[in-house]
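Input: a single structure, listed below in structure tokens.
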Amino acid sequence: MIDEIMLDTMSNMDKAITALQHNLSKLRTGRASLTVLDGIKIDYYGTLSPLNQVATLSIPEPRMITVQPWEPTFIATIEKAIEKANIGLNPTSDGKLIRLPIPQLTEERRLEIVKQLKNFGEDCRVAVRQARKEANDILKKMKKDSEITEDDFHNGSDQVQKTTDDYIAKVDALMAKKEKDIMQV
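Dropping the structure here:
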């Protein structure tokens with residue numbers, strides 16, 4: 804019974820960590836990464852398609868992303884979509900290829916990104932704590948309804964707390980690593 808509660812709790816906490824990792828992958832660190840283009844959609848013959856489904860994306864240099872549309876007629880559309888995405892990149896085109904130079908992050912911009920990073924981290928911590936609260940509420944209800952003993956209740960609560968501490972430590976480790984990447988000049 805308690806094992807099922809723990810599995811559900813860990814599943815919810817894993818979802819929070821996965822969401823955090825997804826959000827962190829979108830933050831710019833000053834190096835070229837194709838994940839900054841993940842959310843960009845292009846109007847491709849009346850259908851909104853992800854950029855990677857209408858063009859070849861590559862990183863020829865550490866601070867440069869290139870976008871080579873499969874159909875050169877879509878260069879202007881892709882450039883507009885990148886500008887509209889407001890990701891801080893200015894596309895330049897030579898008619899066949901779009902280049903996205905990654906500008907050096909200013910100290911001010913790094914601090915803004917770190918602030919955003921901390922918000923993502925706090926959201927994840929809140930989600931982990933919410934999963935803990937839900938598990939503890941279930942345990943309390945089971946104890947009240949005499950479905951589990953007092954000892955089982957305390958053991959379950961201790962297990963939930965230890966799991967919560969482990970997941971919060973994972974969040975902190977992810978945050979510290981990403982902050983180090985962002986603040987690296």
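Going letter by letter, the sequence shown gives residues 804 to 988 in my numbering. Just so you know, even glycine gets a beta-carbon here, dropped at the ideal spot from N, CA and C.
Can you name, in chain order, every residue of its own chain whose Cβ lies under 7 Å from the Cβ of PRO865, other than the five neighbours on each side?
-> ARG834, ALA835
Enclosing alpha helix (DSSP H) for MET978 [first to last residue] | 953-986
State the Cα-Cα distance for the pair LEU920 and LYS946, rounded to the nearest angstrom.
-> 39 Å
Provide the residue(s) that pair with ARG902 in DSSP beta bridges, ordered along the chain.
-> THR869, THR895
Helix, strand or coil: how does DSSP classify LYS946 here?
-> helix
Cβ shell of ARG913 (< 7 Å), same chain only, five flanking positions each side left out = ILE985, MET986
Beta-ladder partner(s) of TYR847, from DSSP = THR850
In whole angstroms, what is the alpha-carbon distance linking GLU915 and ALA938?
-> 35 Å
Mind checking TYR848: buried by the 16 CB within 10 Å criterion, or exposed?
-> exposed
Whose C-alpha, out of PRO863, PHE877, LEU810, is nearest the C-alpha of GLN856?
-> PHE877
For the 8 Å Cβ check, are there 3 or more pairs between the segment 890-901 and the segment 867-876?
-> yes
Beta-bridge pairing of THR859 - partner residues as DSSP gives them = GLN871
How would you label VAL974, buried or exposed, when you count the other beta carbons within 10 angstroms and need 16 or more for buried?
-> buried
Who are the Cβ neighbours of LEU908 in its own chain at under 6 Å, not counting the five residues just before and after it?
-> GLY833
Below 8 Å CB to CB, which residues in the same chain sit around MET867 once its five sequence neighbours on both sides are set aside?
-> ALA835, ARG902, LEU903, PRO904, ILE905
Based on Cα-Cα distance, which residue from GLY924, HIS957, GLU925, ASP968 lies nearest to ASP940?
-> HIS957
Can the beta-carbon of LEU942 be found less than 8 Å from the beta-carbon of GLY959?
-> yes
To which residues of the same chain is THR880 closer than 7 Å at the C-beta, ignoring the five residues directly before and after it?
-> ILE845, ASP846
Cα-Cα separation, PRO853 to LYS829 | 15 Å
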